[in-house]
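Below you'll find the structure, written out as structure tokens, and then a few comments.
In my numbering, the protein residues as written are 167 to 605.
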């Protein structure tokens, strides 16, 4: 492999590794040419299915009367209100809007709103402790944060020495108090802002660029600062999301029960991108329990479980899986970890198909099983590479392995690399641009 760092390692304003000639290679590998952003998908869904549910969450509680239900029409209207209010606060392309939220509709809103603004959008885990959260804030230097009252103290303490953080919005449950020095998230949903803007003109002027990196995806783990993967619409939903949605056959008649947090790679794929691209309804468990997962599957007529397999296994092997009506469930789609073959086989024996996605936070999902794959292939393999990717296995000398041989997995596709970290990028990528050291 040649040592041509000067040509490969291009570092722009935000440290992106993307070069346009990557598009030529990816197109030769069958990669897509798309123009939409998340906001465009939300608009399309609102026009096509205005009264169909876009999201159901359990942030206020799992009982049916506490579940919040948002239609696509309301979803898109709320998104636009948030965009206008953030714009009125001076948020522009390249500013940083950070969320630290549990599974809730507001986390979904933030993704789509920032996709239209072009503001950099990192979503960090709620499992982080105080020191880790403050270190992440120092690294990302947000202009606005959106969090819960329980984390607001850390954000307020950070702001004392970092005045760049102008506003902290808190997402609350009924009867929660608003910490002093913060603002309620409802301020971003104030419809009075619409009187200040000519919306027909505003949305046309606020153009999005599918090549502009803005989405910052954290890697897993709660020790130290998570690595931050830098993505554009091209590198995340276009190349990563589109094949997954197609191969998992998500559609407008699906209701997806999301297992695990949606503020990471696996969660964002299944908990937000799947709904937007597949026009499916997302159903969020804010706090997981085996009984709640099975009860909601029955009551909401869930068609697919999506997300982290460890939690699915707990639900499927519990007494509640037999105690509730699971007849609506027809597929289990998972990523982030393997599923034991005997559990996958149990799903198939009940007429529930499985789909597995393999990938990394940098590459996104790069290998997924296909609708045409047999039961044995779905249980025993990781699937086939996505269009636009080159996924190879090499031996210790760097030679491609033959079928049946073991080696190291290398992943190539258009990439922006890690956010603000040249050294991490040098460690993660080979000289030819293949990802070979990753989380």
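We put the beta carbon where it would ideally sit given N, CA and C, even for glycine.
Classify residue 467 as buried or exposed, calling it buried when 16 or more other Cβ atoms lie within 10 Å of its own Cβ. Along the chain shown, one-based indexing puts residue 467 at 301. Exposed, since its Cβ has fewer than 16 Cβ neighbours within 10 Å.
Same chain, Cβ closer than 7 Å to residue 169, five either side skipped, listed in chain order: Your numbering for residue 169 matches position 3 in the chain shown. Note that residue 169 scores a pLDDT of 40, beneath 50, so its modelled location is shaky; the value from the coordinates is reported in the next line. Only 597 meet the Cβ criterion.
Which value, in whole angstroms, describes the spacing of the CA atoms of residue 255 and residue 532? Reading the chain shown from its first residue, position 89 is the one you call residue 255. Reading the chain shown from its first residue, position 366 is the one you call residue 532. Approximately 38 Å, taken between the alpha carbons.
Evaluate the contact criterion for the segment 205 to 220 versus the segment 432 to 448: three or more CB pairs, one atom per stretch, below 8 Å. By the Cβ criterion, the segment 205 to 220 is in contact with the segment 432 to 448, since at least three pairs of Cβ atoms, one from each stretch, lie closer than 8 Å.
If you reduce the DSSP assignment to three classes, tell me which class residue 453 lands in. Residue 453 sits at position 287 when you count from the first residue of the chain shown. Annotated three-state conformation of residue 453 is coil, per DSSP.
Backbone secondary structure at residue 538 - three-state DSSP: Indexing the chain shown from 1 puts residue 538 at position 372. Of the three classes helix, strand and coil, the one that applies to residue 538 here is coil, per DSSP.
When we look at the beta-carbon of residue 565 and count the other beta-carbons within 10 Å, is it buried (16 or more) or exposed? Sequence index remark: in the chain shown, residue 565 carries index 399 (1-based). With fewer than 16 Cβ atoms within 10 Å of its Cβ, residue 565 is classed as exposed.
Flag this pair as yes or no: are the beta carbons of residue 211 and residue 451 separated by less than 8 Å? Translated into the one-based positions of the chain shown, residue 211 becomes position 45. Translated into the one-based positions of the chain shown, residue 451 becomes position 285. The Cβ atoms of residue 211 and residue 451 do not sit closer than 8 Å to each other.
Take the Cβ of residue 379 as the centre, count every other Cβ of all protein chains shown within 10 Å, and call the residue buried at 16 or more, exposed below. In the chain shown, the residue the question calls residue 379 occupies position 213. Burial state of residue 379 is buried, judged by a 10 Å Cβ sphere holding 16 or more other Cβ atoms.
Going by beta carbon distance, what residues of the same chain come within less than 6 Å of residue 280, once the five residues before and after it are set aside? As a position in the chain shown, residue 280 is number 114, starting the count at 1. Closer than 6 Å at the Cβ level, and outside the excluded window around residue 280, lie 263, 287.
Where residue 395 and residue 192 are concerned, what is the direct C-alpha to C-alpha distance, given to the nearest angstrom? For the purposes of this step, residue 395 is taken as the residue at position 229 of the chain shown. For the purposes of this step, residue 192 is taken as the residue at position 26 of the chain shown. Cα to Cα, residue 395 sits roughly 20 Å from residue 192.
So residue 276 and residue 312 are in contact, right, with Cβ under 8 Å, and what is the actual spacing, rounded? To locate residue 276, count along the chain shown from 1; it is residue 110. To locate residue 312, count along the chain shown from 1; it is residue 146. With a Cβ gap of about 6 Å, residue 276 and residue 312 count as contacting.
Helix, strand or coil for residue 168 per DSSP? Here residue 168 is taken as the residue at index 2 of the chain shown, counted from 1. With a pLDDT of 36 at residue 168, under the threshold of 50, the modelled position of that residue is not reliable, and no figure is offered here.
Enclosing alpha helix (DSSP H) for residue 617 [first to last residue]: Outside the displayed range of the chain (167 to 605) lies residue 617, so it cannot be described from this structure.
Please confirm if the segment 214 to 221 is in contact with the segment 283 to 297, defined as three or more CB-CB distances below 8 Å between the two stretches. Using a C-beta cut-off of 8 Å, the segment 214 to 221 makes no contact with the segment 283 to 297, since fewer than three inter-stretch Cβ pairs fall below that distance.
Write down every uninterrupted run of the beta strand (DSSP E) in the segment 361 to 386 whose length is 3 residues or greater and which is fully enclosed by it, in chain order. Runs found: 381 to 384.
What did DSSP end up calling residue 119 once you bin it into helix, strand or coil? Any property of residue 119 remains undetermined from this structure, which presents the chain solely from 167 to 605.
For residue 471, list the residues DSSP reports as bridge partners. One-based indexing of the chain shown puts residue 471 at position 305. Answer is 423, 498, bridged to residue 471.
If we require 4 or more residues per run, which alpha helix (DSSP H) segments fall completely within the segment 186 to 246? Within the segment 186 to 246, the complete alpha helix (DSSP H) runs of at least 4 residues are 187 to 194, 204 to 214.
Check the C-beta distance from residue 498 over to residue 513 and give it rounded, since I have them as a contact under 8 Å. Reading the chain shown from its first residue, position 332 is the one you call residue 498. Reading the chain shown from its first residue, position 347 is the one you call residue 513. That belief holds up - the Cβ atoms of residue 498 and residue 513 are roughly 5 Å apart, short of 8 Å.
Enumerate in chain order the residues of its own chain whose CB-to-CB distance from residue 388 is below 8 Å, with the five nearest sequence positions on each side excluded. Numbered from 1 along the chain shown, position 222 holds the residue referred to as residue 388. Note that residue 388 has pLDDT 46, beneath the 50 cutoff, so the model's placement of it is unreliable and no number is given.
Between which two residues does the beta strand (DSSP E) containing residue 574 stretch? In the chain shown, counting from the first residue as 1, residue 574 sits at position 408. DSSP places residue 574 inside the beta strand (DSSP E), whose first and last residues are 574 to 578.
Which residue wins for smallest C-alpha separation from residue 525, given the options 435, 510, 320, 539? The sequence position of residue 525 within the chain shown is 359, counting from 1. Closest by alpha carbon: 435.
In chain order, what residues of the same chain lie with their CB nearer than 6 Å to the CB of residue 441, ignoring the 5 residues before and after it? For the purposes of this step, residue 441 is taken as residue 275 along the chain shown, with counting starting at 1. Cβ neighbours of residue 441 beyond the five flanking positions: 448.
How is the alpha helix (DSSP H) around residue 487 delimited, first residue to last? Here residue 487 is taken as the residue at index 321 of the chain shown, counted from 1. For residue 487, the uninterrupted alpha helix (DSSP H) run begins and ends at 485 to 489, by DSSP.
Checking the sheet assignment: what are the DSSP bridge partners for residue 617? Because the chain in this structure spans residues 167 to 605, residue 617 falls outside the shown range and cannot be described.
Extent of the continuous beta strand (DSSP E) run through residue 559: In the chain shown, counting from the first residue as 1, residue 559 sits at position 393. Bounds of the beta strand (DSSP E) holding residue 559 are 556 to 560.
According to DSSP, residue 526 sits in a beta bridge with which residue or residues? Indexing the chain shown from 1 puts residue 526 at position 360. Beta-bridge annotation (DSSP): residue 526 is paired with 530.
Spatial distance of residue 355 from residue 253 (CA atoms): Indexing the chain shown from 1 puts residue 355 at position 189. Indexing the chain shown from 1 puts residue 253 at position 87. In a straight line, the C-alpha of residue 355 is about 13 Å away from that of residue 253.
Secondary structure of residue 550, DSSP reduced to three states: Translated into the one-based positions of the chain shown, residue 550 becomes position 384. Residue 550 falls in the strand class under three-state DSSP.
Same chain only: Cβ atoms within 8 Å of residue 477, ignoring 5 sequence neighbours per side: Locating residue 477 in the chain shown gives position 311, counting from the first residue. The residues are 425, 426, 454, 459.
Which stretch, first to last residue, makes up the beta strand (DSSP E) that contains residue 336? As a first step, residue 336 must be located in the chain shown, where it is residue number 170. Element bounds for residue 336: 333 to 336.
Checking the sheet assignment: what are the DSSP bridge partners for residue 566? For the purposes of this step, residue 566 is taken as residue 400 along the chain shown, with counting starting at 1. Answer is 560, bridged to residue 566.
What residue range does the beta strand (DSSP E) around residue 394 cover? Counted from its first residue, the chain shown places residue 394 at position 228. 394 to 397 is the span of the beta strand (DSSP E), which, as asked, contains residue 394.
DSSP on residue 304, reduced to helix/strand/coil? Your numbering for residue 304 matches position 138 in the chain shown. Residue 304 sits in a helix when the DSSP states are folded into three classes.
Would the beta-carbon of residue 278 fall within 8 Å of that of residue 257? The sequence position of residue 278 within the chain shown is 112, counting from 1. The sequence position of residue 257 within the chain shown is 91, counting from 1. A distance of 8 Å or more separates the beta carbons of residue 278 and residue 257.
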